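**Student:** Below is a structure I'd like to ask you about.
In our numbering, the protein residues as written are 2 to 133.
Spelled out as structure tokens, the structure:
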């Protein structure tokens with residue numbers, strides 16, 4: 002009898018929706034995890050351990066898919082590995098997630114200039130001047 006009560010209680014405990022969990026704590030832990038991972042990604046990139054850095058980026062994006070800093074690191078890694086098409090893809094994603102980031106905008110301008118996309122570069126330069 003006690004055993005069946007324990008099993009029923011245990012199963013009821015895990016059938017309760019966890020909506021009461023403080024979402025602020027979850028968000029804070031997510032931010033701490035991605036900040037730590039970003040630090041590790043930068044260390045791996047600087048040591049030219051690109052495969053490990055990319056793996057960490059993919060893991061970080063599973064935790065926080067909206068993290069533009071992780072996307073920017075993927076841009077940086079791919080650029081250093083001469084994967085320009087992938088690099089451009091990640092740079093654009095980072096910029097789309099955080100269009101007010103001056104560094105992303107400047108990187109995108111430089112990228113457009115390097116690949117003779119002058120109209121796009123001029124548009125962003127004008128935005129940059131307007132927002133200063």
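Note that beta-carbon positions come from the ideal geometry of N, C-alpha and C, so glycine has one too.
Just so we're clear, the structure is a prediction, and the values are computed from it rather than from any experiment.
Helix, strand or coil: how does DSSP classify residue 132 here?
**Tutor:** Counting from one through the chain shown, the residue named residue 132 turns up at place 131. Three-state DSSP puts residue 132 in a helix.
**Student:** In whole angstroms, what is the alpha-carbon distance linking residue 116 and residue 85?
**Tutor:** Stepping through the chain shown from its first residue, residue 116 is reached at position 115. Stepping through the chain shown from its first residue, residue 85 is reached at position 84. If I take the Cα positions, the gap works out to 10 Å.
**Student:** Can you check the region 92-125 for any beta strand (DSSP E) of at least 3 residues that lies completely inside it and give the ranges in chain order?
**Tutor:** Whole beta strand (DSSP E) segments, 3+ residues: zero.
**Student:** Going along the chain, which residues of its own chain have a beta-carbon closer than 6 Å to the beta-carbon of residue 72, five neighbours each way excluded?
**Tutor:** Counted from its first residue, the chain shown places residue 72 at position 71. For residue 72, where only same-chain residues beyond five positions count, the Cβ hits under 6 Å are 91, 94 and 95.
**Student:** Comparing alpha-carbon positions, which option in 80, 31 and 53 lies nearest residue 65?
**Tutor:** Within the chain shown, residue 65 is the residue found at index 64, counting from 1. Per the Cα distances, 31.
**Student:** Who are the Cβ neighbours of residue 39 in its own chain at under 6 Å, not counting the five residues just before and after it?
**Tutor:** On the chain shown, position 38 is the one that residue 39 refers to. Contacts found: 70.
**Student:** Under a three-way DSSP split, which group does residue 67 fall into?
**Tutor:** Here residue 67 refers to the residue found at position 66 of the chain shown. In this structure, residue 67 counts as coil in the three-state DSSP scheme.
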